[in-house]
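Residue numbers (my numbering): 158 to 446.
Structure record follows, encoded as structure tokens.
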Amino acid sequence: MCCAMKTELATLRVCAARLQLARSAVVAALALFAWSVGGCVVATEEDFTEDPRAIGVEESEIIGGSVDKGDKSVVSVVVWNQQVSRTCSGTVVSPRVVLTAAHCLAVGDVGSKNVVQIFVGNDSAAAWPWLYKSVMAVHVNPKYVTGEFAAGNDIAVVVAKKPLGLAAVPMNRLAVTLSDIGDSVRFVGYGRTNVNDSGSAGQKHQATLQLDSVSSTLLKTSSLTSFTCSGDSGGPGFIKRGGIEYVAGVVSFGAPKCNTSNSSVRVDVHATSFVDPYIAQYDPGFKAP
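Here you go:
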């Protein structure tokens with residue numbers, strides 16, 4: 158009986174290994190076949206020529222944070238080309254509209270070189286193909302100029318071809334003021350956990366920082382132990398008002414070594430003028446929370 162149990166265990170291990178191999182092959186095939194699958198929006202070379210201060214330049218988790226198995230409405234925005242992929246983070250704000258950073262996407266008209274998808278899982282290293290959702294359009298803030306992060310216009314939306322089936326996160330619409338300095342801001346993203354290791358990538362993490370300063374368009378936050386990094390760009394900075402979390406910032410830029418502070422675009426400045434019209438266009442009848 159003992160021998161039979163050992164034989165059965167060995168068989169199970171072989172089956173598990175074969176299953177994992179097949180799963181990996183399917184995920185790899187997704188990237189390869191994305192070029193021939195309809196419904197994926199293509200972006201231009203701008204996606205791969207961003208300012209080095211931007212913290213979403215390549216696929217990469219929040220440094221000093223913790224694994225986040227919740228926050229289902231925080232997703233990643235993935236740009237594929239024939240050689241590499243790169244990942245930013247984003248927030249679902251209506252059934253099909255995802256809020257992210259402008260520098261993660263093309264500046265101008267879409268081209269024919271790259272495809273953009275929305276990943277709705279928690280870990281891209283263990284992802285099934287159906288977790289990648291097709292995109293029908295991307296819209297970059299027309300005021301955004303490549304490399305000019307201090308202006309606070311680094312914001313964009315990605316539009317899914319079909320409803321994502323995820324709850325819309327409420328956007329902060331009340332002005333963030335000097336009285337909010339010192340409050341906690343919780344960040345969620347898919348960026349690096351090790352600034353020197355591009356392989357420390359793709360899993361959703363969270364960390365809480367402190368609001369240090371407020372400008373007319375930006376929120377600056379810092380922490381002694383936790384920092385946003387490459388891949389977190391476009392992700393949300395949550396603040397609480399009346400016990401409810403609102404996305405108040407869109408991660409834009411920070412220190413090259415991801416070891417001091419970061420700056421996020423203020424959502425309250427752009428929600429009505431930039432985001433709401435696209436929600437009305439692609440999700441008519443939907444009332445943003």
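Glycine residues also receive a C-beta, built at the ideal position from the N, C-alpha and C atoms.
This one's a predicted model, so the numbers in the text were calculated from it and none came from an experiment.
Residue range of the alpha helix (DSSP H) that Val426 falls in?
Val424 to His427
For Asn419, which beta-bridge partners are listed by DSSP?
Thr378 and Gly411
Measure from the alpha carbon of Val297 to the alpha carbon of each residue in Phe306, Leu323, Ala313 and Lys290, then state which is nearest.
Ala313
DSSP state of Ala437, grouped into three classes?
helix
By the DSSP assignment, the beta strand (DSSP E) with Thr334 in it spans what residues?
No beta strand (DSSP E) holds Thr334; DSSP gives it neither H nor E.
Is it true that the CB of Val345 sits closer than 7 Å to the CB of Gln363?
yes
Beta-carbon proximity list for Ala332, same chain, < 7 Å, skipping 5 on both sides:
Same-chain partners within the cutoff: Asp425.
If the criterion is Cβ atoms closer than 7 Å, does the pair Val236 and Arg243 meet it?
Yes, the Cβ-Cβ distance between Val236 and Arg243 is below 7 Å.
N-terminal and C-terminal residue of the beta strand (DSSP E) that Gln367 is part of:
His362 to Val371
Exposed or buried, what is Val342 when buried is set at 16 or more other beta-carbons lying within 10 Å of its beta-carbon?
buried
Span of the beta strand (DSSP E) holding Val315?
Ala313 to Ala317
If Tyr435 sits next to Val316, beta carbons under 8 Å apart, how far is it from one beta carbon to the other, in whole angstroms?
Beta-carbon to beta-carbon, Tyr435 and Val316 are separated by about 7 Å, close enough to satisfy the 8 Å threshold.
Secondary structure of Ser341, DSSP reduced to three states
strand
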